[in-house]
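Residue numbers (the UniProt record's numbering): 1 to 598. Below: one structure, written as structure tokens.
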């Protein structure tokens with residue numbers, strides 16, 4: 001099984017040249033974020049990811065988490081690794097300094113997050129959910145809740161969860177039945193069951209802070225009647241230390257296709273008199289507050305797509321260089337060669353490499369925009385960046401995760417028959433990636449959000465502004481004259497822009513009068529936007545690389561980046577026209593049959 005090494009060179013390039021690290025460093029609170037500091041953070045994170053987390057990945061997959069009479073034991077080495085993780089300060093990277101965090105920008109935290117997810121995705125889910133819970137309490141919690149929970153969660157001494165799903169309430173949260181009964185002391189007793197709770201029970205910390213959606217007795221029906229509560233595993237003593245066990249218990253864990261080492265729990269609240277919780281914010285605004293966690297988690301799951309794609313690529317590349325099979329095509333009687341010499345293997349590897357780099361670029365650019373949306377002193381700049389972030393989070397989540405499944409599957413194909421054998425490790429990336437398009441909102445949910453709230457309901461203002469920005473790269477590409485690579489990139493990008501514009505106009509014209517017809521093409525629309533946005537950033541990467549070469553750089557990285565961008569244009573961006581056609585013309589065939597005809 002291949003070792004993991006973070007692609008630091010590409011991370012640095014994307015952060016500096018595409019996401020604008022220098023501009024992020026000028027934002028209030030980021031003034032000390034120098035390139036040297038970021039490089040040091042990336043190097044240290046890579047050491048931890050490759051040296052501590054990656055070696056546990058296979059163990060976790062094989063051993064999994066174990067449930068025993070309500071207790072959950074994580075895989076061998078997990079508890080010690082988490083202790084090292086917290087003690088090294090990784091849990092506090094992007095958290096508010098007020099509560100012990102380091103306050104680093106999201107752009108930097110995103111690159112580090114990619115390393116955790118690529119080296120050991122199952123492990124990374126625990127700090128991921130904790131980060132979302134921290135964000136929700138930070139923005140909507142009471143002063144008492146912040147003081148009681150945030151310092152311990154930021155330090156990693158305690159972890160957090162989000163509790164939405166119930167047996168009858170998956171994507172339809174209006175069906176939530178967990179109830180909260182007010183108590184004379186201002187607390188609430190919580191009764192109900194939650195399923196699919198990631199790290200809802202484990203042995204790595206001495207307390208777990210659950211954020212739980214529940215209904216008050218007089219709550220209105222539907223999503224407008226849901227409130228959010230903090231329900232700790234252990235109630236707190238007067239001095240803030242864990243005290244009596246709260247009435248929340250893990251009654252089972254799921255047996256899953258992948259992410260075996262991440263305990264996915266069924267939690268029972270109130271089987272012995274009621275779990276004690278405190279209200280977050282105002283009554284009946286719980287779903288609004290939970291979306292703070294969900295947006296954080298959706299971006300993070302998108303990073304799982306990037307990370308798993310990169311891990312699968314690294315794994316396949318190492319195998320392709322090592323596996324000797326056949327002679328080189330066109331060389332009669334030649335020696336046996338490694339399979340990386342075969343044209344189709346090269347095509348597969350370039351497909352994996354180019355898409356992963358495009359996905360990384362898009363995610364990092366969105367992370368930088370998120371920093372500007374929260375920190376820029378100009379309200380108009382904040383609003384503009386927030387609109388871009390809102391538009392692109394469904395794409396980062398949906399497009400990156402859908403791609404990760406295909407890329408991990410391609411990785412298995414590169415291995416041939418050995419990819420189907422668990423011992424090589426290639427299959428784990430495919431199994432682990434399969435959940436990413438499902439949890440934190442399926443791809444269809446992301447796509448419906450994209451065409452509805454993020455496109456149609458605002459008249460396409462933000463997406464049209466993005467298209468105009470993408471179109472602005474075309475004249476820069478044209479300046480390279482007859483250079484084959486840049487001609488190909490410009491041609492495909494221009495064609496992709498036209499295809500995206502046609503799809504946008506269709507959605508704007510159709511959504512209000514025939515929502516079903518518009519929704520048939522929602523996932524192709526999401527993929528189309530991802531591919532074109534990825535092509536835009538790969539084109540920018542090629543332009544920067546060309547400039548560096550003209551300036552005298554002999555770094556092979558820049559030549560490689562131009563070739564990779566050209567491959568993306570020829571093999572990935574070229575798919576835009578077909579996706580656009582499906583968006584504009586695909587409703588009739590999808591909606592024609594009645595139920596009995598299927």
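Glycine included, C-beta positions come from ideal geometry on N, C-alpha and C. If you're wondering where the values come from, they're calculated on a predicted model, not measured in any experiment.
- For residue 243, the three-state secondary structure derived from DSSP is strand.
- When DSSP states are grouped into helix, strand and coil, residue 416 belongs to the helix group.
- In this structure, residue 34 and residue 119 do not form a Cβ contact; the two beta carbons are roughly 26 angstroms apart against a cut-off of 8 angstroms.
- Residue 260 is positioned such that its CB atom lies no closer than 8 angstroms to that of residue 408.
- Under the three-state reduction of DSSP, residue 548 is assigned to helix.
- Per DSSP, the unbroken beta strand (DSSP E) holding residue 162 starts and ends at 159-163.
- Between the segment 332-345 and the segment 363-372, the count of Cβ pairs shorter than 8 angstroms is below three; the stretches do not touch.
- For the beta strand (DSSP E) assignment, the uninterrupted runs of no fewer than 3 residues enclosed by the segment 41-68 are, from N- to C-terminal side, 66-68.
- Secondary structure note for residue 228: it is in no alpha helix (DSSP H), and the uninterrupted beta strand (DSSP E) holding it is 227-232.
- Counting only runs of at least 4 residues, the segment 264-336 fully encloses the following alpha helix (DSSP H) elements, listed from N- to C-terminal order: 286-322.
- As a beta-bridge residue in DSSP terms, residue 180 pairs with 190.
- The beta carbons of residue 562 and residue 542 sit closer together than 8 angstroms.
- For residue 572, no alpha helix (DSSP H) run applies, since DSSP gives it neither H nor E.
- Within the DSSP secondary-structure output, residue 198 pairs in a beta bridge with 264.
- A Cβ-Cβ contact shorter than 8 angstroms links residue 573 with residue 496.
- From the listed residues 95, 157, 147, 155, the smallest Cα separation to residue 135 is found for 95.
- By the neighbour-count criterion, in which a residue is buried when 16 or more other Cβ atoms sit within 10 angstroms of its Cβ, residue 105 is buried.
- With 16 or more neighbouring CB atoms inside 10 Å of its own CB, residue 504 falls in the buried class.
- CA-CA distance, residue 127 to residue 340, rounds to 37 angstroms.
- The continuous beta strand (DSSP E) containing residue 208 extends over residues 208-214.
- Ranked by Cα distance from residue 28, the options 376, 442, 202 are led by 376.
- Exclusion of the five residues before and after residue 295 leaves 393 as the residues of its chain whose Cβ lies within less than 7 angstroms of its Cβ.
- Beta-carbon to beta-carbon, residue 228 and residue 280 are separated by about 4 angstroms, close enough to satisfy the 8 angstroms threshold.
- With contacts defined as CB atoms closer than 8 angstroms, residue 174 and residue 222 qualify as a contacting pair.
- Inclusion of residue 176 and residue 226 in the CB contact set at 8 angstroms is warranted, their separation being smaller than that value.
- Contact annotation: residue 189 and residue 284 have beta-carbon atoms that are not nearer than 8 angstroms.
- In the assembly as shown, residue 192 is a buried residue. Its beta-carbon has 16 or more other beta-carbons within 10 Å.
- In this chain, residue 553 is not harboured by any alpha helix (DSSP H), its DSSP state being neither H nor E.
- Straight-line spacing of the CA atoms in residue 154 and residue 91 works out to 6 angstroms.
- The shortest CA-to-CA distance from residue 527 to any of 582, 482, 16, 40 is the one to 582.
- In this structure, DSSP gives residue 72 an extended state, which the three-state scheme calls strand.
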